[in-house]
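Heads up: the structure comes next, in structure tokens.
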Amino acid sequence: MHKAKLLLIFIFSIYIIYSCSSDEEKCPDEALPLLNINVIHADTIPFDSLYIYGELLNNDFYTGTSAPDCVLIPLNLTSDTLLLNFEMVYITDSVLILEDSVLLPFTQISPNTTYRIIDNVVFKYSRNIKLNNLECGFINEFDIDTNSYFTNQFVDSVKILDTLINSVDKTHATIYF
Amino acid sequence: MLRYIFSTLLLVIAFSAFSQNKKEELPQREIFIRPGIDLSRFALPIFHDIGITGFEFSMDGEINYNLFPTFEIGLNSIKENTEDFDYEANGNYWRIGINYNMLKYQHRLDRNMFFIGARYGMSNFTQQATNITFENDWGQSVTDFPETDIQLQWVEGVIGIKGEIFKNFFMGYTIRVKGKIKMDDDLGITPYFIPGYGDGSKDLTTGMSFSASYALPIIRIKN
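The listed protein sequences correspond, in order, to chains S and R.
Under the numbering used here, the letters of the first sequence match residues 43 to 219, in that order.
Under the numbering used here, the letters of the second sequence match residues 1312 to 1534, in that order.
Here's what the structure looks like:
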């Protein structure tokens, strides 16, 4: 009987330790993971500025003078498509137009003139809501379609690197221009 | 003198023979059933930060000292309301199985157990999640998962002890390793906590119960 009591106390201790340790789970940082894209620019296409923005006025995702390594873009929760505008701006006096540049077709250029070229890139995706746990709540995962659509005035190609969007720590797509 | 010695010897032999024939009577061993409850169910709100409650009743009985058929039945309820979602799940479960006592008792009063065993379990429950709200640059979305009926079947391997703390009153622990056999497919969302089983996202999981029970004698039998 003494042994039975000792075993009861021993296993009860294991139960307490087990209960205290097993519930310490960290909540995921990303309940709404962002689309991570990088942009690769061929040197044959000079430009002054590049803008990346969505359909709404406040969807301004990138403004810069070089092609970004990483742009984080939220996906529309009430839609299954994301339209991105890639706007390239160049000013004739500040940009050297090379003979083999794709901009040469725009030969009727005037000096000290700003030109804007806009391409659209459309991603299609599906959304999956998952219950992580009740302490942390629900999270989203997106599955992006490998067939994206784009206009190609200056965008050359779009490559999907990872169709599962559940973290910003990996690049999901690359835009080449 | 010789007659005296012989009579004395006879008396001595007679006394010793009497002592050997008078065996110590062992107490009769009872056949009993043992209803009990799982006390750890009452501690669920303490070990979880969410609104979870439960109750489990058990019954085992003795076939012989080593074999104990067991039946367990219980309820679980979860309700969690936050700014971002409302979640509710309610259900019941039962398990049936047998325990094998690995202890070799030294005397008939010894009813302590160190057992291994197996269970088959089934759970029927409903879950629903409403007002699941997310918001980002594009706006706000609110999603509902309607009430869904779900059934799960599983098997368990168990190991545990039961000690007789006071006469007929037992306390003990059972450690469980559970594996899913069959669960409904179209769940909407993976169940957070399946009554009787545990984490719905895991095909293999563990659990523990802390029981208190009382032996009710059915038949007293002699050796």
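Even glycine gets a Cβ: it sits at the ideal position worked out from N, Cα and C.
Coarse secondary structure for residue i, derived from DSSP in three states
i       : result
R/F1353 : helix
S/S91   : strand
S/I82   : strand
S/T120  : coil
R/T1517 : strand
R/W1449 : coil
S/F196  : coil
R/A1526 : coil
R/P1457 : strand
S/L125  : strand
R/M1346 : Sequence inspection shows Pro at residue 1346 of chain R; the Met mentioned does not correspond to that position. Residue state, collapsed to three classes: strand.
R/M1413 : coil
S/T205  : coil
S/D187  : coil
R/K1473 : strand
R/R1406 : strand
R/A1429 : strand
R/Y1398 : strand
S/N182  : strand
S/K212  : coil
S/L77   : strand
R/D1510 : strand
R/N1545 : Since the first residue shown for chain R is 1312 and the last is 1534, residue 1545 of chain R is missing from the structure and cannot be characterised.
R/T1501 : coil
R/G1468 : strand
S/E72   : coil
Whether residue i touches residue j by CB criterion (8 Å)
i       : j       : result
R/F1481 : R/S1524 : yes
S/T184  : S/V163  : In the sequence as displayed, the identity of residue 184 of chain S is Phe instead of Thr. Cβ atoms of S/F184 and S/V163: not closer than 8 Å.
S/F219  : S/D198  : yes
S/L124  : R/S1452 : no
Bounding residues of the beta strand (DSSP E) (the contiguous stretch that carries residue i)
i       : result
R/V1488 : F1480 to M1494
S/A215  : A215 to Y218
R/K1390 : L1378 to N1392
S/D161  : T156 to N175
R/I1363 : G1362 to G1372
S/I115  : V113 to I115
S/Y223  : The shown model of chain S, from 43 to 219, leaves out residue 223 of chain S, and the question about it has no answer.
8 Å contact criterion, which residue i and residue j should meet: CB distance rounded
i       : j       : result
S/N182  : S/L74   : 5 Å
R/Y1411 : R/G1385 : Not a contact, Cβ separation roughly 23 Å.
R/E1341 : R/P1528 : 4 Å
R/E1394 : R/I1361 : About 15 Å; that fails the 8 Å criterion.
R/R1487 : R/G1511 : Not quite, the Cβ-Cβ distance comes to about 16 Å (not below 8 Å), so this is no contact.
R/E1471 : R/G1483 : Here the sequence assigns Gly to residue 1471 of chain R, which means Glu is not the residue at that position. 6 Å between Cβ atoms; contact.
So, does the segment 1419-1435 of chain R touch the segment 1465-1472 of chain R, judging by three or more C-beta pairs under 8 Å?
yes
contact_flag[the segment 1397-1416 of chain R, the segment 1497-1505 of chain R] where n(CB pairs < 8 Å) is 3 or more
yes
Contact between the segment 1345-1359 of chain R and the segment 1367-1381 of chain R (3+ Cβ pairs under 8 Å)
yes
Check whether the segment 80-92 of chain S and the segment 104-122 of chain S touch, using three or more Cβ-Cβ pairs below 8 Å as the test.
yes
At a cut of 8 Å, does the segment 171-178 of chain S reach the segment 1501-1518 of chain R through at least three beta carbon pairs?
yes
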